[in-house]
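*Asks:* Following this message is one structure expressed as structure tokens.
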Amino acid sequence: MSNTHKPLVFSGMQPTNTLHLGNYLGALKNWVKLQDQMPCIYCVVDMHAITAVAYGKPDELRTAVREVAAAYIAAGVDPKKSVLFQQSAVPAHAELAWIFNCVARLGWADRMTQFKEKAGKHKERASVGLYTYPMLMAADILVYKATHVPVGEDQKQHLELTRDVAQKFNNDYNVEDFFPLTEPVIMGAGTRVMSLRDGAKKMSKSDDSDMSRINLTDDADMVAQKIRKARTDPNPLPENEKGLEGRPEAENLINIYSALSDIPRAEIIARFAGQQFSGFKNELADIAVAKIAPIATRMRELLADPAELDRILKDGALRAAAIADPIVAEAKKIVGFSH
Ligand code: TYM
34 MSNTHKPLVF SGMQPTNTLH LGNYLGALKN WVKLQDQMPC IYCVVDMHAI TAVAYGKPDE
94 LRTAVREVAA AYIAAGVDPK KSVLFQQSAV PAHAELAWIF NCVARLGWAD RMTQFKEKAG
154 KHKERASVGL YTYPMLMAAD ILVYKATHVP VGEDQKQHLE LTRDVAQKFN NDYNVEDFFP
214 LTEPVIMGAG TRVMSLRDGA KKMSKSDDSD MSRINLTDDA DMVAQKIRKA RTDPNPLPEN
274 EKGLEGRPEA ENLINIYSAL SDIPRAEIIA RFAGQQFSGF KNELADIAVA KIAPIATRMR
334 ELLADPAELD RILKDGALRA AAIADPIVAE AKKIVGFSH
């Protein structure tokens, strides 16, 4: 039972490459909404980034941390309302992650599909950090006793592991309800945005084709071009939601339209039923430009003043540590590290 814990949101993104429409619709858009409902903590997870892509590239990592912080703010995260900080600046994350490495079982880590995808064929060449990544993620969340975690669908399995870690810690140490059983918040039509070139693949930062994704840094022309060139099948738009079955590209574009406009899918389908994609894509391009292009403009303004971004992140780290430090101190006491 986790009903004794105060509502608190935690979420994060990796500073690897530029953020894209999937990150925005699956997570960021909901982060902004949640700020009006409960206290929120939003993190740039640079320690996760060095488990793979950012390893050995310190300058790129530093730049990416500021870019992601700027994207959060440009999309509507208010650093006065919410805590916005960089993971490595709050050591409590690493301390609790070690304890969780000892709570979680090898079998749990072995089941993580994201590790299998990211490690690829040669898992012996993946970093040990990539393998223990989910335990650090559990620590990110539980070091604040966060109750709600807004993410895209691909993070669901990691959040199940977070609940398992919390439950096992609470049971093993006989501290009922010390850590909450966190709820995933996976909401809206954009929880799994697919590639614009291949409806079977997730929109991803690591896809070789830039046309497969809309970056939050794309200007208006680029956003419109990518939507107009998005792959579709040769048939017109379906008459009803059932008609989307087996048509992943069509379904993806309708989902994107719905998530960007907050208009339900059924209403959109009813409006464009039987029409060719060209007219639909023109409208979708207008909507996407209206939502995404201002984010790119605001990001550029914010990135022009890196000292101010650094100040915001530093202030956030102090506020984050003030919450996390007493919780990790208590966890250490429970484990037997101190009296
Ligand atoms: P990351 O950096 O891969 O992605 C950040 C967020 O974007 C969502 N997302 C998507 N949503 C919809 N469609 C897509 N195509 C798409 N691609 C990405 C992700 O679900 C995520 O919400 N492990 C996390 C980072 C993390 C974290 C945490 C998240 C570390 N600690 C604690 C929450 C709480 C990750 O790699 O996300």
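Residue numbers (the working numbering): 34 to 372. For each residue, glycine too, the CB sits at the ideal point set by N, CA and C.
Figure out for me which residue from Phe202, Glu150 and Lys90 has the closest Cα to the Cα of Arg138.
*Replies:* Per the Cα distances, Phe202.
*Asks:* Taking contact to mean at least 3 C-beta pairs separated by less than 8 Å, is the region 181-193 in contact with the region 113-130?
*Replies:* Contact between the region 181-193 and the region 113-130 is absent, because fewer than three Cβ pairs lie under 8 Å.
*Asks:* Since Glu186 and Thr224 are thought to touch, with beta carbons under 8 Å apart, how far apart are those beta carbons, to the nearest angstrom?
*Replies:* That belief holds up - the Cβ atoms of Glu186 and Thr224 are roughly 4 Å apart, short of 8 Å.
*Asks:* Please indicate yes or no: does the CB of His81 lie closer than 7 Å to some heavy atom of the ligand TYM?
*Replies:* Yes - the ligand TYM has a heavy atom lying nearer than 7 Å to the Cβ of His81.
*Asks:* Could you pull the start and end residues of the alpha helix (DSSP H) that Leu194 belongs to?
*Replies:* Leu194 -> alpha helix (DSSP H) spans Lys189 to Asp205.
*Asks:* Secondary structure at Pro359, three-state DSSP: helix, strand or coil?
*Replies:* Three-state DSSP puts Pro359 in a helix.
*Asks:* Measuring from the CB of Asp197, is there a heavy atom of the ligand TYM at a distance below 7 Å?
*Replies:* Not so, every heavy atom of the ligand TYM lies at least 7 Å from the Cβ.
*Asks:* Roughly how many angstroms lie between the CA atoms of Ala171 and Phe133, to the nearest whole one?
*Replies:* So the two alpha carbons sit approximately 8 Å from each other.
*Asks:* Confirm the yes/no value for this check: CB of Ala60, any heavy atom of the ligand TYM, distance under 7 Å.
*Replies:* For the ligand TYM, at least one heavy atom lies less than 7 Å from the Cβ of Ala60.
*Asks:* Does DSSP put Gln47 in a helix, a strand or coil?
*Replies:* DSSP places Gln47 in coil when its eight states are reduced to three.
*Asks:* What do you get for Met34, buried or exposed, if any count of 16 or more other CB atoms within 10 angstroms of its CB means buried?
*Replies:* Interpretation of Met34 is limited by its pLDDT of 48, a score under 50 that renders its predicted location unreliable; the figure taken from the coordinates is listed afterwards. Exposed is the call here.
*Asks:* Kindly indicate which three-state DSSP category Pro183 falls into: helix, strand or coil?
*Replies:* The answer is strand: DSSP assigns Pro183 an E or B state.
*Asks:* Using CA coordinates, which residue listed in Ala233, Ser239, Phe211 and Gln308 is at the minimum distance from Ile360?
*Replies:* It is Phe211 whose Cα lies nearest to the Cα of Ile360.
*Asks:* Under 7 Å: does the beta carbon of Gly153 sit that close to some heavy atom of the ligand TYM?
*Replies:* No, the ligand TYM has no heavy atom inside 7 Å of this Cβ.
*Asks:* Around the C-beta of Pro91, are 16 or more other C-beta atoms found within 10 angstroms, so that it is buried, or is it exposed?
*Replies:* It is exposed - the Cβ of Pro91 has fewer than 16 other Cβ atoms within 10 Å.
*Asks:* Taking the DSSP output, what are the residues bridged to Met227?
*Replies:* Its beta-bridge partners are Lys235.
*Asks:* Please return the same chain residues whose Cβ sits closer than 6 Å to the Cβ of Ile367, not counting the five positions on each side in sequence.
*Replies:* Only Tyr206 and Val208 meet the Cβ criterion.
*Asks:* Where does Tyr88 land, buried or exposed, given buried means 16+ other C-beta within 10 angstroms?
*Replies:* Flag for Tyr88 reads exposed.
*Asks:* Would you please state the rounded distance, in angstroms, between the beta carbons of Tyr57 and Ala108? I believe it to be under 8 Å.
*Replies:* Right, their Cβ atoms sit about 6 Å apart.
*Asks:* Along the alpha helix (DSSP H) that carries Phe383, what are the first and last residues, could you check?
*Replies:* No answer is possible for residue 383: the residues shown for the chain start at 34 and end at 372.
*Asks:* For the beta strand (DSSP E) containing Val77, list its first residue and its last residue.
*Replies:* Cys73 to Val77 is the span of the beta strand (DSSP E), which, as asked, contains Val77.
*Asks:* Measure from the alpha carbon of Gly45 to the alpha carbon of each residue in Ser115, Ala321 and Lys259, then state which is nearest.
*Replies:* The candidate whose alpha carbon is nearest that of Gly45 is Ser115.
*Asks:* When the Cα atoms are used, what is the spatial distance from Pro40 to Ala357?
*Replies:* Looking at the two C-alpha atoms, the distance is approximately 15 Å.
*Asks:* Can you find the residues in the same chain that come closer than 7 Å, C-beta to C-beta, to Leu277, ignoring five residues on each side of it along the sequence?
*Replies:* Here the set comprises Pro271, Ala283, Glu284 and Ile287.
*Asks:* Taking Cβ positions, are Arg99 and Pro339 nearer each other than 8 Å?
*Replies:* Cβ distance < 8 Å, so Arg99 and Pro339 count as in contact.
*Asks:* Quick check on the DSSP output: the beta strand (DSSP E) that includes Val218 runs from which residue to which?
*Replies:* First-last of the beta strand (DSSP E) with Val218: Glu216 to Val218.
*Asks:* Does the distance between the C-beta of Gly162 and the nearest non-hydrogen atom of the ligand TYM fall short of 7 Å?
*Replies:* Outside the cutoff, so no.
*Asks:* With C-beta atoms as the reference, is Ala199 less than 8 Å away from Pro167?
*Replies:* No, Cβ-Cβ distance for Ala199 and Pro167 is not below 8 Å.
*Asks:* Cβ of Gln188 within 7 Å of any heavy atom in the ligand NAP?
*Replies:* For the ligand NAP, the structure offers nothing, since it holds only the ligand TYM.
*Asks:* So for Ser35, helix, strand or coil by DSSP?
*Replies:* The predicted position of Ser35 is uncertain, since its pLDDT is 48 and thus under 50; no value can be drawn from it.
*Asks:* Return yes when the C-beta of Thr84 is under 7 Å from any heavy atom of the ligand TYM, and no when it is not.
*Replies:* Answer for Thr84: no, Cβ out of range of the ligand TYM.
*Asks:* With which residues is His53 paired in a DSSP beta bridge?
*Replies:* Beta-bridge pairing links His53 to Asn248.
*Asks:* So is Thr37 buried or exposed if we call it buried at 16+ other beta carbons inside 10 Å?
*Replies:* Under this definition Thr37 is an exposed residue.
*Asks:* Tell whether a beta-carbon distance below 8 Å holds between Ser239 and Leu229.
*Replies:* Contact: no.
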